[in-house]
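Position one of the sequence shown corresponds to residue 1 (full-length UniProt numbering), numbered consecutively onward. Here the structure comes first, spelled out in structure tokens, and everything after it is commentary.
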Amino acid sequence: MDVATFCEYIQVHCEVEPTLKEFYSNTRVEEPEHIRRQRITKKQLQHQQNQDQWWNREQRSQNEQIHERHIQQKQWEARSQQQTQQQALRHRLELQDMSARHERQNRRQQQPPQQLQPHQRDERQQQIGQQQLEHEQLHLEQGYEASHEIER
Numbered sequence: 001m002d003v004a005t006f007c008e009y010i011q012v013h014c015e016v017e018p019t020l021k022e023f024y025s026n027t028r029v030e031e032p033e034h035i036r037r038q039r040i041t042k043k044q045l046q047h048q049q050n051q052d053q054w055w056n057r058e059q060r061s062q063n064e065q066i067h068e069r070h071i072q073q074k075q076w077e078a079r080s081q082q083q084t085q086q087q088a089l090r091h092r093l094e095l096q097d098m099s100a101r102h103e104r105q106n107r108r109q110q111q112p113p114q115q116l117q118p119h120q121r122d123e124r125q126q127q128i129g130q131q132q133l134e135h136e137q138l139h140l141e142q143g144y145e146a147s148h149e150i151e152r
């Protein structure tokens, strides 16, 4: 008996009037157990993969944050070290300056005033210029080393 004949039989003999669509929508076809297990396993596997992906993203994010904090800490340490070195250099230069001033004052007080010959004045000016140049070059080198240290 085909479906149409069956439905006609039910309508005529049982005084029930379901349409074919209603009849089949009210019946549930059970899926075989092995297909149900595969479907559940696939869902569980997909769920686990989603959790793993989330966990990996979370770990990667935390690692990036830790790395960023580490870099910031290193930069702060380098800046702090540079500032300390600059302060020590300034202090050393100030002490040298004071010492040189005191030395000059002591020499002036001990020696009678003396006039420099023109060629002696030129030599003295060259010495002063050379000392200033060396001093500036030292500052530049230390600034370069400090900035290079920050980059590392």
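We treat Cβ as the ideally placed atom computed from N, Cα and C, and that holds for glycine.
Note that the stretch 78-87 touches the stretch 134-146; at least 3 beta-carbon pairs, one per stretch, sit closer than 8 Å. Excluding its 5 nearest sequence neighbours in each direction, residue 101 has no C-beta neighbour in its own chain below 6 Å.
For residue 97, the enclosing alpha helix (DSSP H) stretches over residues 33-110.
When C-alpha distances from residue 89 are compared across 139, 36 and 4, the shortest belongs to 139.
DSSP, read as helix, strand or coil, puts residue 117 in coil. Take the alpha-carbon of residue 55 and the one of residue 135: they are about 57 Å apart.
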